[in-house]
Amino acid sequence: MTRMRIAVLQEPFSIVLREVEVPKLDSRSVLVRVASCALSGTDVRIYKGVVKTRLPIVLGQEFSGVVVEVGDEVEGVSRGEKVVVEPVLYCGKCVYCRRGLYTLCEQVKVLGVNSDGGLAEYVKVPAYAVHRVPAGLSLEEACLTVPVAVALHAVRRAGVGIGDNVLVFGAGAIGLSALQLARLSGADRVVVVEPVESKRRLAERLGAHETLSPRDMEALGDGAERRLGRFDVVIETSGSVDALRHALMLVGKRGRIVVVGAYGREARLLVDLVVRREVTVTGSWLYPHVFRKALDAIARGIVSVKEYISGRYPLARIEEAFREALKPENIRIIVQP
Ligand SMILES: [Zn+2]
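Numbering (the UniProt record's numbering), first residue to last: 1 to 337.
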């Protein structure tokens, strides 16, 4: 085991397989043999060049596998253990790390975004970044902990509680997880807005009381509020500027809007409305201190991720895998290096 294959994004839409040395371990790291790596929305946006990062890079933030080597100083992780990686690297020393806000670290790096990620046979990660996969949960489902954790942080930032009316924009892996977690938090009614019909149907199977397309929303125009009522909480996962406009239109007085989506451009909010309705607009970034809880929620079967999986490809067919991931009806393509 000295050489391994990796998939390298050289420039947008150009991904190639390379053979390189397996990374050398340091005393506080573990080496993970990757079993499943899901292609996320961020992977797709970097692949298309919409999200800029340093290239070349090995993409893949959502991955799980088996620990095959353990550094000398590592405790609590052993060879042969099944793990999922929380792909956030932090310094542990800056003002935010010292406050426990490690995902807001001044030097934060996300594997697969600005440091090499999981589209490789082996990945070296700090021991603090691995979470043991509970018995009975497949590595394939475990790698989908990331979007559930993103949604869990967002639902907590929104303070969703018993009796709340919740509106979710986007029925990708994050939006569908936010829907499930909002219901688990006691939301009375969850409405989901999503352009792709098969995803709206899935949202309904996962507990949405009603689904609409953005076109339905536009057609309702000023009548949207009369038809849908006002919402206590709006969770915006779609990255659409129009969704943000609708969010403010439909949020109730003292309501909360949590923004998880990435826009890549300026998005406007009608501030007078924020003021007069005393709306709280909150950003939600990554998943501090909730990764383990998200993983356990999947393992216990209270959050279902099975239907997020739209296809499986070996690493050798990585280009095909990305072509599939680009299709809006697919939620997660799993690559098996
Ligand atoms: Zn830090």
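Quick reminder that beta carbons are idealized off the backbone N, C-alpha and C, glycines included.
* Looking at the structure shown, is valine 51 part of a helix, part of a strand, or coil, going by DSSP? -> Residue mapping note: residue 51 aligns to position 51 of the sequence shown, counting from 1. In the displayed model, valine 51 falls within coil according to three-state DSSP, outside both helix and strand.
* Buried/exposed call for threonine 42, threshold 16 Cβ in 10 Å -> Here residue 42 corresponds to residue number 42 of the sequence shown, with the count starting at 1. Looking at its Cβ environment, which holds 16 or more other Cβ atoms inside 10 Å, threonine 42 is buried.
* Just to check, is the beta-carbon of tyrosine 96 closer than 7 Å to a non-hydrogen atom of ligand 1? -> Here residue 96 refers to the residue found at position 96 when the sequence shown is read from its first residue. It does: the Cβ of tyrosine 96 is within 7 Å (strictly closer) of some heavy atom of ligand 1.
* How long is the line joining the alpha carbons of alanine 127 and proline 12, rounded to whole angstroms? -> In the sequence shown, the residue the question calls residue 127 occupies position 127. In the sequence shown, the residue the question calls residue 12 occupies position 12. Spanning the alpha carbons of alanine 127 and proline 12 requires a straight line of approximately 32 Å.
* Sequence-distant residues of its chain with Cβ nearer than 6 Å to asparagine 114 (five each side left out) -> As a working note, residue 114 is residue 114 in the sequence shown. The residues are Thr53.
* Asked: Is glutamine 61 near ligand 1, going by C-beta to nearest heavy atom under 7 Å?
  -> Taking the sequence shown and counting its residues from 1, the one referred to as residue 61 is at position 61. It does not: the Cβ of glutamine 61 is nowhere closer than 7 Å to a heavy atom of ligand 1.
* Are there three or more Cβ pairs, one per stretch, closer than 8 Å when the stretch 284 to 301 is compared with the stretch 265 to 274? -> No: fewer than three Cβ pairs fall under 8 Å.
* To do: Tell me whether tyrosine 90 counts as near ligand 1, meaning its Cβ is closer than 7 Å to at least one heavy atom of that ligand.
  => Translated into positions along the sequence shown, residue 90 becomes position 90. Yes.
* To do: Take every Cβ of the stretch 8 to 23, pair it with every Cβ of the stretch 310 to 321, and state whether three or more of those distances are shorter than 8 Å.
  => The stretch 8 to 23 is in contact with the stretch 310 to 321.
* To do: Over the uninterrupted beta strand (DSSP E) stretch that includes proline 126, give me the two end residues.
  => On the sequence shown, residue 126 is found 126 positions in, with the first residue counted as 1. Residues 122 to 126.
* Asked: Over what stretch of residues does the alpha helix (DSSP H) that includes lysine 293 continue unbroken?
  -> Taking the sequence shown and counting its residues from 1, one reaches residue 293 at position 293. Its alpha helix (DSSP H) spans residues 291 to 299.
* Would you give the residue range spanned by the beta strand (DSSP E) that serine 310 belongs to? => The residue labelled residue 310 in the question sits at position 310 within the sequence shown. That run of the beta strand (DSSP E) goes 309 to 314.
* Using DSSP with H/G/I as helix, E/B as strand and the rest coil, what is alanine 154? -> As a first step, residue 154 must be located in the sequence shown, where it is residue number 154. In the displayed model, alanine 154 falls within a helix according to three-state DSSP.
* Selected residue, minimal CA-CA separation from phenylalanine 166, among Val192, Cys143, Ser40 and Ser64 -> Here residue 166 refers to the residue found at position 166 when the sequence shown is read from its first residue. Here the sequence assigns valine to residue 166, which means phenylalanine is not the residue at that position. Distance check between valine 166 and each of Val192, Cys143, Ser40 and Ser64 places Val192 closest, using alpha-carbon atoms only.
* Nearest candidate by alpha-carbon position, reference glycine 117, set Arg79, Gly301, Leu39 and Leu273 -> As a position in the sequence shown, residue 117 is number 117, starting the count at 1. Distance from the Cα of glycine 117 is smallest, within the candidate group Arg79, Gly301, Leu39 and Leu273, for Leu39.
* **Inside the stretch 132 to 213 only - alpha helix (DSSP H) runs reaching at least 4 residues** => Counting only runs of 4 or more, we get 139 to 142, 145 to 158, 173 to 184 and 197 to 205.
* Among residues of its own chain, excluding the 5 on either side of glycine 261, which ones have a beta-carbon nearer than 6 Å to its beta-carbon? -> If you number the sequence shown from 1, residue 261 lands on position 261. Contacts found: Glu236, Thr237, Ser238 and Gly239.
* What do you reckon, is the C-beta of lysine 109 under 7 Å from a heavy atom of ligand 1? -> As a working note, residue 109 is residue 109 in the sequence shown. Because no heavy atom of ligand 1 lies under 7 Å away, the Cβ of lysine 109 does not count as near it: no.
* Using the rule of at least 16 other Cβ atoms within 10 Å of the residue's Cβ for burial, across every protein chain shown, is aspartate 164 buried or exposed? -> Looking up residue 164 in the sequence shown gives position 164. The residue in question, aspartate 164, is buried, as its Cβ has 16 or more Cβ neighbours within 10 Å.
* Contact test: glutamate 106 Cβ vs ligand 1 heavy atom, cutoff 7 Å -> Your numbering for residue 106 matches position 106 in the sequence shown. Within the cutoff, so yes.
* Nonlocal neighbours in the same chain, by C-beta distance under 6 Å from glutamine 107, ignoring five residues either side -> Working through the sequence shown from its first residue, we reach residue 107 at position 107. Apart from sequence neighbours up to five positions away, the residues of its chain that approach glutamine 107 with a beta-carbon distance below 6 Å are Cys91, ordered along the chain.
* For glutamine 336, write down the residues that DSSP places opposite it in a beta bridge. => Reading the sequence shown from its first residue, position 336 is the one you call residue 336. Partner residues in the beta bridge of glutamine 336, as assigned by DSSP, are Pro314.
* Report yes or no: do the stretch 243 to 258 and the stretch 134 to 149 share at least 3 C-beta pairs separated by less than 8 Å? => By the C-beta criterion, the stretch 243 to 258 is judged not to be in contact with the stretch 134 to 149, since fewer than 3 inter-stretch pairs fall below 8 Å.
* Which class does threonine 103 belong to by DSSP, given the choice of helix, strand or coil? -> Residue numbering aside, residue 103 sits at position 103 when the sequence shown is read from its first letter. Looking at threonine 103 - three-state DSSP - the assignment turns out to be helix.
* Asked: When the Cα atoms are used, what is the spatial distance from arginine 300 to aspartate 222?
  -> Along the sequence shown, one-based indexing puts residue 300 at 300. Along the sequence shown, one-based indexing puts residue 222 at 222. Taking the CA atoms as reference points, arginine 300 sits about 42 Å from aspartate 222.
* To do: Spatial neighbours of lysine 306 within its chain, please: CB distance less than 8 Å, with the 5 preceding and 5 following residues excluded, ordered by chain position.
  => Taking the sequence shown and counting its residues from 1, one reaches residue 306 at position 306. Result list for lysine 306: Glu141, in chain order.
* To do: Would you tell me roughly how many angstroms separate the C-alpha atoms of valine 66 and cysteine 37, rounded to the nearest one?
  => As a working mapping, residue 66 is identified with position 66 in the sequence shown. As a working mapping, residue 37 is identified with position 37 in the sequence shown. Taking the CA atoms as reference points, valine 66 sits about 13 Å from cysteine 37.
* Asked: Is lysine 48 near ligand 1, with its Cβ less than 7 Å from a heavy atom?
  -> The sequence position of residue 48 within the sequence shown is 48, counting from 1. Placement of the Cβ of lysine 48 at a distance of 7 Å or more from every heavy atom of ligand 1 is found.
* **alpha helix (DSSP H) segment containing valine 303, residue limits** => The residue given as residue 303 occupies position 303 in the sequence shown. From DSSP, valine 303 is part of no alpha helix (DSSP H); its letter is neither H nor E.
* **Nearest candidate by alpha-carbon position, reference glutamate 329, set Glu62, Val196 and Ile6** => Position 329 of the sequence shown, counting from 1, holds the residue named residue 329. Per the Cα distances, Val196.
* Asked: Hey, valine 133 and valine 83 are a contact pair by Cβ (cut 8 Å); roughly how many whole angstroms apart?
  -> On the sequence shown, residue 133 is found 133 positions in, with the first residue counted as 1. On the sequence shown, residue 83 is found 83 positions in, with the first residue counted as 1. Sure, about 6 Å apart at Cβ, within 8 Å.
* Asked: So does lysine 93 have its beta carbon nearer than 7 Å to some heavy atom of ligand 1?
  -> By one-based count along the sequence shown, residue 93 stands at place 93. Yes.
* **Other residues of its chain near glutamate 278: CB distance less than 7 Å, five sequence neighbours each side excluded** => The residue given as residue 278 occupies position 278 in the sequence shown. The residues are Lys253 and Arg254.
* Might you give, ordered along the chain, the residues of its own chain that have their beta carbon closer than 6 Å to the beta carbon of glutamate 62, omitting 5 neighbours on each side? => Taking the sequence shown and counting its residues from 1, one reaches residue 62 at position 62. Here the set comprises Ala38, Ser40, Cys143 and Val146.
* Asked: glutamate 329 by DSSP, collapsed to three states: which one?
  -> To locate residue 329, count along the sequence shown from 1; it is residue 329. Coil at glutamate 329, not helix or strand.
* To do: Can you tell me which of the three DSSP states threonine 42 falls into?
  => By 1-based counting over the sequence shown, the position of residue 42 is 42. Residue state for threonine 42 is assigned as helix, using DSSP reduced to three classes.
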